[in-house]
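Scroll down for the structure; my scribbles are underneath it.
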Amino acid sequence: MTYRVLISDPLSEEGIKPLRETENIEIVKNPGWDETELLENIDQFDALLVRSQTQVTRPLLEKAARLKIVGRAGVGVDNIDLDAATENGIIVVNAPNGNTNSAAEHTVAMIMSLSRNIPQAFHALKQKQWDRKRFVGVELKQKTLGVVGLGRIGAEVAKRAKGQRMNVIAYDPFLTDEKAEQMGIKRGTLEEVLQAGDFITVHTPLLKETRHLINAEAFELMKDGVQIVNCARGGIIDEDALYDAIVSGKVAGAALDVFEQEPFTEHKLLTLPEVVATPHLGASTVEAQEIVAVDVSHDVIRFLEGKAVRHPVNLPSIPSEAMHQIEPYFYLAEKLGTFIIDLANEVISEIRISYSGDLSEIESGPVTRNAVKGILKRYLGSRVNDVNALYLADRKGITVSESKRSARKGFTNLITIEVIGASGSRKVSGTLLNGLGPRLVRVDDYQVDATPEGHMVVIQHIDQPGVIGRMGSAFAEHNINIATMQVDRSDVGGNAIMLLTIDRHLEDKALAEIALLDEIKSVTAIDL
Ligand SMILES: NC(=O)C1=CN([C@@H]2O[C@H](COP(=O)(O)OP(=O)(O)OC[C@H]3O[C@@H](n4cnc5c(N)ncnc54)[C@H](O)[C@@H]3O)[C@@H](O)[C@H]2O)C=CC1
Ligand SMILES: O=C(O)CCC(=O)C(=O)O
């Protein structure tokens, strides 16, 4: 199969080499489509790679019937509708580390441009004005830098500011006193940071909670003559409030790399001499562009090869060591899920998944998603995958719960999936046997031992002499070869179960005839 990858923003050619060198990948790079053309063509692609220009909207994702993965060559994913991606089972990956350094360096360049009026002085000189008085600056040494958002970039900016002998105070909900002390900076509340900074720089993502975080009230709290830097996202600072604060003299200068609406050629903030600006260049270095493109290319390749991605945005990220440990259980969980929903054969309202033995200590979320995927596949077909499995379960009103027990119950690892519908509960357990792979070891309360694959039949019957023989003959009459057979019973002459694996699908007609035999309570065909 050939996967088609659309690259709709300018990505480093060097960085996408891994994609170019992968055999079954065909790349369409920068076809120059406008929004409408993109919408018209998106259903031909399995993967979409973007930077910040392409708006990956809900209508686009809903139209993208083949799309499996969106790769953001950069950090911010505010141009991607993550809810719509998740609902449509499309994984979003980004490249969170590749441009940290470049964005931090750009921020420092912006702070220094402000402190020494470099862009304005250069501009005046170009206009043939040798004006030394107008462009007297301030030193950074012993000034205070207020950092709002001390993540990867904020922390790098803080380190560099210390190199300029600035005092740094930062606000981030995850910043602890220990971490602040280790970095030689001060931790403050948002208000304290706004009040203390001679320069204030923001480095949060653009979220509902951070939109207009820096607004008219925030400017009120700041020192007179404060200087503002935004190399994170337009929208974190309220541009109208910033304009007013500059015109009123409260804010002495602002350096902006990002804007609420991009791109633009005219902006009211750019009419002010106190404002210096760049057109979203924070990550625009040869080095950063190469690294982010390499990082997303690798994740797209990993994903298309069925491997776990390194930087998922709409799935929790699992460290590779933990992933290595849990990946073998994905297949088992999915098969158990499909087995139990076929056996229950009714609309269910609840899924309970329990992990015991060694599995009580694993990061079980991804295994649970595979189990739920196995169940929902029967309702929703290939539309369901591990990105949207839990979302779709929730939307169908099915509750999913997990429990863990360290007790071994005869197996070093055991997954039990119980589904609950109007007629009660059905459950199945499976294990991963060392060297033997996945095994189905319990159906309801009966012990069995079978590989969960191929064509299986579960027969509930009364434990009586001759049943097994009659069953063998019935399958022979329909020319169906029985490959394996397991039998277990509750007590002598009581309820019993037969688990068969057969060489081909059991058609409805044969199933109905077998179900009519004496002592047979039910026959369920399961194709895994
Ligand atoms: N101008 C450019 O070209 C670039 C811009 N960016 C922007 O910079 C942003 C930050 O990037 P990273 O540092 O890599 O992300 P990060 O995820 O490492 O750091 C973001 C930090 O913001 C903090 N935060 C979230 N909400 C907050 C709030 N309400 N108040 C204070 N702190 C809050 C988080 O706890 C986190 O520590 C990205 O989301 C992106 O939008 C990133 C790269 C390049
Ligand atoms: O792709 C770009 O140049 C923008 C980078 C950016 O804003 C980000 O990584 O969040």
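Residues in the sequence shown are numbered consecutively from 0, following numbering that gives the first Met the number 0.
A virtual CB, placed ideally from N, CA and C, is assigned to each residue, including glycine.
Is any heavy atom of ligand 2 found at a distance shorter than 8 angstroms from the C-beta of H202? Outside the cutoff, so no.
Using 9 angstroms as the threshold, is the C-beta distance between W32 and N23 below it? Taking 9 angstroms as the Cβ cut-off, W32 and N23 do not qualify as a contacting pair.
Exposed or buried, what is K334 when buried is set at 16 or more other beta-carbons lying within 10 Å of its beta-carbon? buried
Quick one: Cα of N78 to Cα of Q54, how far? Near 5 angstroms, if we compare the C-alpha coordinates of Q54 and N78.
Where P17 falls: helix, strand or coil (DSSP): P17 falls in the helix class under three-state DSSP.
Residue from G70, R503, L255 whose Cα sits closest to the Cα of I479: R503
From which residue to which residue does the beta strand (DSSP E) around D521 run? According to the sequence provided, residue 521 is Ser. The question's Asp does not apply to it. Start and end: 519-526.
Beta bridge counterpart(s) of Y445 as assigned by DSSP: V442
Backbone secondary structure at N40 - three-state DSSP: helix
State the start and end residues of the unbroken alpha helix (DSSP H) segment that holds I110. 99-115
Selection from V466, G465, D243 that minimises the alpha carbon distance to T270: D243
Quick one: does the C-beta of E208 sit closer than 8 angstroms to a heavy atom of ligand 1? yes
Short Cβ contact (9 angstroms threshold) for Q459 with I496: It is a contact, given that the beta carbons lie within the stated cut-off.
Start-to-end residues for the beta strand (DSSP E) that takes in E86: From DSSP, E86 is part of no beta strand (DSSP E) but of the alpha helix (DSSP H) over 81-86.
Is the CB-CB distance between A388 and I361 below 9 angstroms? The beta carbons of A388 and I361 sit no closer together than 9 angstroms.
Taking the beta strand (DSSP E) that G356 belongs to, which residues open and close that run? 347-356
At a threshold of 8 angstroms, does Q288 count as lining ligand 3 (C-beta to nearest heavy atom)? Annotation note on ligand 3: not contained in the displayed structure, which lists ligand 1 and ligand 2 as its ligands.
Just the Cα atoms here: how many angstroms apart are Q446 and G429? 11 angstroms
Any contact of the region 80-87 with the region 221-230, i.e. 3+ C-beta pairs under 8 angstroms? no
Count the other CB atoms, across all protein chains shown, that sit within 10 Å of the CB of M0; report buried if there are 16 or more and exposed otherwise. exposed
Using alpha carbons as the reference points, say which of G88, I6, I236 lies closest to K207. I236
Chain D contact for F302 (CB, 9 angstroms cutoff): Among the chains in the structure shown there is no chain D, since it carries only a single protein chain.
Confirm the yes/no value for this check: CB of V91, any heavy atom of ligand 2, distance under 8 angstroms. no
Identified DSSP bridge partners for F263: Answer is none; F263 lacks a bridge partner.
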